[in-house]
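K.L.:
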Ligand code: F6P
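In this note's numbering, the protein residues as written are 32 to 573.
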């Protein structure tokens, strides 16, 4: 048996030992679980004492990480080695926040001078827009900026602009991603082209959705500005030939590099709309927060390493316990887009079925990740998490300090987050329900009828991520925590977390189908179902 197989066997043995033990029993046996099963980095705490594991299980998981080569794989990524083997690329989003250490070499070339120069340049442009030094064609400050991008060229900045709303003192920033014309139309409707800048964000500058929206947005600008419309366009891309062809002046084009994955690109010039919203200092603070997590991830022993522990909890849930999904619930309305952002980061990275060498994986890989902010989620799908037939582990996110001092809103928000996590873990037994109902004067018949419905099994795991306050630095640190978690899980599963071939087929088929959808002569449907759908689409669309 290889060391990795031996480590997996030990993890499975720990799982067999712990599976029959209710979380209530684990807390009764060890009321001090919080002390051993929580970890801190400055004012960021991860409490995983309500997960169905204990110190021995954690030790087995840490051994697994060691056996799977997590430290060596991590060091290879930070050193700029070609870890994205299917695309032959280094993976260095950490370099963008200065967290990869000094002198990061890709192909023998130090990338840091260009990284720093580009950062300075796009932050200077953001400040010029904010301060009205770069103006509209009529010399007025821009009031609105529309970012056109999709996936990694949308989700990161869109999430972060909302998360950092208290720091937003620049022009209004809007995001258009969907090729559905409704998205662009509804976004542009209240805007005045004379005061609006369009940022076209696309790593490849070929993505169908983005280029379709960019072309329509340019026509919208031209209607008001004529030939000067180009002055209201900036672009962020690795494909400088294509940005030129699109007609964006090089002085308003901000590049990045093939070693920055789309879903890891918020830290590059893809963050331009965020920088325009909050300013260069706050953007640098975001990078600084991420850099702190990079440093911790690089240097802390595995057993005290937050991203490693967080990842191993996920491995435990997915592989040892066999739970296929994770609910991510930020108790912060401003993190409403965080689950969608992490969805791409996690599911595009680790939704893989073959290992690095192309062999089929031998374990389940990335979980289905989804979520909504609390407390809203409590009033929609939490019913299933409490009493449904599937176990859905939950990651809660909570800040201790709100930006608004508004009555007791925040205390109520926090009480709900902690109460949900306790209710999931400890539940309410049928005996307790019966005793409560009897004390309230219910009849024996009524108790028999309702007790099964009113009892909660509990024993449902959750992790609480708690920090002082959501600000640029803590947001950067939080995102980097999730990024490195995804990395560690990919390393344990031995998959390439940095390619995304799985999204290609749908793109190719959509292009192939377009002539038939448009009703062009000679275009054929590829199968009977599509033919039937096309016939109805054509009949009802005309
Ligand atoms: O959907 C696949 C994908 O390639 C994502 O990985 C990426 O973030 C998105 O498309 C957008 O790509 P681009 O930035 O090149 O337009």
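By construction, the Cβ of each residue, glycine as well, lies at the ideal position given by its N, Cα and C atoms.
Pick from 404, 359, 561 and 138: whose alpha carbon is nearest that of residue 288?
P.N.:
Considering only alpha carbons, the answer is 138.
K.L.:
Let me check you understand the geometry: is the CB of residue 241 closer than 8 Å to at least one non-hydrogen atom of the ligand F6P?
P.N.:
Yes, the ligand F6P has a heavy atom inside 8 Å of this Cβ.
K.L.:
In or out: residue 538 buried (at least 16 other Cβ within 10 Å) or exposed?
P.N.:
When all chains shown are included, residue 538 counts as exposed.
K.L.:
Starting from residue 361, trace the beta strand (DSSP E) in both directions and tell me its first and last residue.
P.N.:
First-last of the beta strand (DSSP E) with residue 361: 356-362.
K.L.:
Contact check, residue 130 vs residue 326 under 8 Å by CB: the rounded distance?
P.N.:
Confirmed, Cβ separation roughly 6 Å.
K.L.:
Going by DSSP, name the residue or residues bridged to residue 136.
P.N.:
Residue 136 is bridged to 141.
K.L.:
Where does residue 302 fall in DSSP's three states?
P.N.:
Here residue 302 sits in helix by DSSP.
K.L.:
Taking 8 Å as the limit between beta carbons, can you name the residues of its chain near residue 149, skipping five residues before and five after?
P.N.:
Excluding residues within five positions, the ones whose Cβ falls inside 8 Å are 285, 286, 287, 299 and 300.
K.L.:
Do you know offhand how far residue 253's Cα is from residue 185's?
P.N.:
So the two alpha carbons sit approximately 24 Å from each other.
K.L.:
On the three-pair Cβ rule with 8 Å, is the segment 356-370 touching the segment 525-545?
P.N.:
Taking 8 Å as the limit for Cβ pairs, the verdict is that the segment 525-545 does not touch the segment 356-370.
K.L.:
Apart from the five residues on each side of it in sequence, which residues of its chain come closer than 6 Å, Cβ to Cβ, to residue 93?
P.N.:
Contacts found: 333 and 334.
K.L.:
Between residue 513 and the ligand F6P, is the CB less than 8 Å from at least one heavy atom?
P.N.:
No, the Cβ of residue 513 stays beyond 8 Å of every heavy atom of the ligand F6P.
K.L.:
To the nearest angstrom, report how far apart residue 476 and residue 415 are at their CA atoms.
P.N.:
Going by the C-alpha atoms only, they are around 27 Å apart.
K.L.:
Among 507, 91, 490 and 492, whose alpha-carbon lies nearest the alpha-carbon of residue 498?
P.N.:
Among 507, 91, 490 and 492, the Cα nearest to that of residue 498 is on 507.
K.L.:
Beta strand (DSSP E) containing residue 324: first to last residue?
P.N.:
Premise fails: residue 324 lies in the alpha helix (DSSP H), 311-330, not in any beta strand (DSSP E).
K.L.:
What number of angstroms, rounded off, separates the C-alpha of residue 49 from the C-alpha of residue 409?
P.N.:
Cα to Cα, residue 49 sits roughly 28 Å from residue 409.
K.L.:
Return yes when at least one heavy atom of the ligand F6P lies under 8 Å from the C-beta of residue 181, else no.
P.N.:
Yes, the ligand F6P has a heavy atom inside 8 Å of this Cβ.
K.L.:
Chain D beta carbons: is any one of them nearer than 9 Å to that of residue 125?
P.N.:
No chain D is part of this structure, which consists of one protein chain only.
K.L.:
Count the other CB atoms within 10 Å of the CB of residue 220; is the residue buried (16 or more) or exposed (fewer)?
P.N.:
With fewer than 16 other Cβ atoms within 10 Å, it is exposed.
K.L.:
Using 8 Å as the cut-off, classify the Cβ of residue 550 as near or not near the heavy atoms of the ligand F6P, replying yes or no.
P.N.:
Because no heavy atom of the ligand F6P lies under 8 Å away, the Cβ of residue 550 does not count as near it: no.
K.L.:
Going along the chain, which unbroken runs of the alpha helix (DSSP H) with 4 or more residues stay wholly within the segment 155-194?
P.N.:
As far as the segment 155-194 is concerned, its whole alpha helix (DSSP H) runs of at least 4 residues are 186-194.
K.L.:
Note down, one range per segment and in chain order, each alpha helix (DSSP H) of at least 4 residues found wholly within the segment 396-471.
P.N.:
The segment 396-471 contains these whole alpha helix (DSSP H) runs: 413-418, 440-457 and 461-470.
K.L.:
Could you round the C-beta distance between residue 344 and residue 244 to whole angstroms and report it? I think they count as a contact, below 8 Å.
P.N.:
Rounded, the Cβ-Cβ distance is 39 Å, inconsistent with contact.
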